[in-house]
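Q: Please read through the structure below; I'll follow up with questions.
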Amino acid sequence: MEITDVKVIPVDDEKLKAFVSIVFDQCFVVTDIKIIHGPKGLFVSMPSKKRKDGTFKDIAHPLNNQMRQYLEEKVLTVYRQQVGAAAGASSSGVGGGTGAGPSGATGGTPAGGEGSGAAAEPGSGPAPSETPRT
């Protein structure tokens with residue numbers, strides 16, 4: 004399974020840094036992925052639903068560590084490229100675009116979160132009204 008597109012929508016918040024959509028094999032999309040800044044740095048939080056008891060349950064997530072690492076590296080690489088490009092554009096006075104990051108980006112640093120990241124930080128998940136719909 005290959006990630007064929009990553010779209011990053013930056014958010015100006017202390018902990019929540021961006022919403023992400025990922026396309027697999029040009030035929031399947033997963034939305035409402037979040038990039039969170041936690042105590043150990045940035046991590047990828049898979050889409051989740053808040054339960055009645057206040058905990059979060061993943062809706063979709065990788066089944067093994069190899070896929071999780073691949074996904075995190077792709078997402079964080081595109082995020083860092085987009086944030087870096089936006090910072091460079093604003094400091095140079097050149098207008099920058101928003102929306103989709105480059106497809107096929109590789110490299111980056113794996114996130115420091117454990118598990119799926121969905122319940123890694125209490126209160127880090129958005130309320131349903133905060134989740135963008137595409």
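Under our numbering, the final residue of the sequence shown carries the number 137; numbering is consecutive throughout.
By construction, the Cβ of each residue, glycine as well, lies at the ideal position given by its N, Cα and C atoms.
(1) State the CB to CB distance for the pair residue 47 and residue 79, rounded to an integer number of angstroms; the pair is presumed to be in contact (CB under 8 Å).
(2) When DSSP labels each residue in this structure, what does residue 34 get in the three-state scheme?
(3) Taking the beta strand (DSSP E) that residue 25 falls in, what are its first and last residues?
(4) Identify the continuous beta strand (DSSP E) that holds residue 55 and give its terminal residues.
(5) Figure out for me which residue from 27, 14, 19 and 12 has the closest Cα to the Cα of residue 70.
(6) Pick from 73, 67 and 87: whose alpha carbon is nearest that of residue 25?
(7) Got a sec? Which residues, its chain only, sit under 8 Å from residue 36 by beta carbon, not counting five neighbours each side?
(8) Would DSSP call residue 10 helix, strand or coil?
(9) Between 8, 18 and 13, which has its C-alpha nearest residue 85's C-alpha?
(10) Answer yes or no: do residue 20 and residue 6 have a C-beta to C-beta separation smaller than 8 Å?
(11) Quick check: the Cα distance between residue 88 and residue 76, rounded to an integer number of angstroms?
(12) Among residues of its own chain, excluding the 5 on either side of residue 4, which ones have a beta-carbon nearer than 8 Å to its beta-carbon?
(13) In three-state DSSP terms, what is residue 74?
(14) At the level of alpha carbons, what is the spacing between residue 9 and residue 92?
A: A quick look at the data gives this:
(1) 7 Å
(2) strand
(3) 19-27
(4) Premise fails: residue 55 is in no beta strand (DSSP E) and is neither H nor E.
(5) 27
(6) 73
(7) 22, 23, 24, 25, 47, 48, 49, 50 and 78
(8) strand
(9) 13
(10) no
(11) 18 Å
(12) 27, 28 and 70
(13) helix
(14) 21 Å
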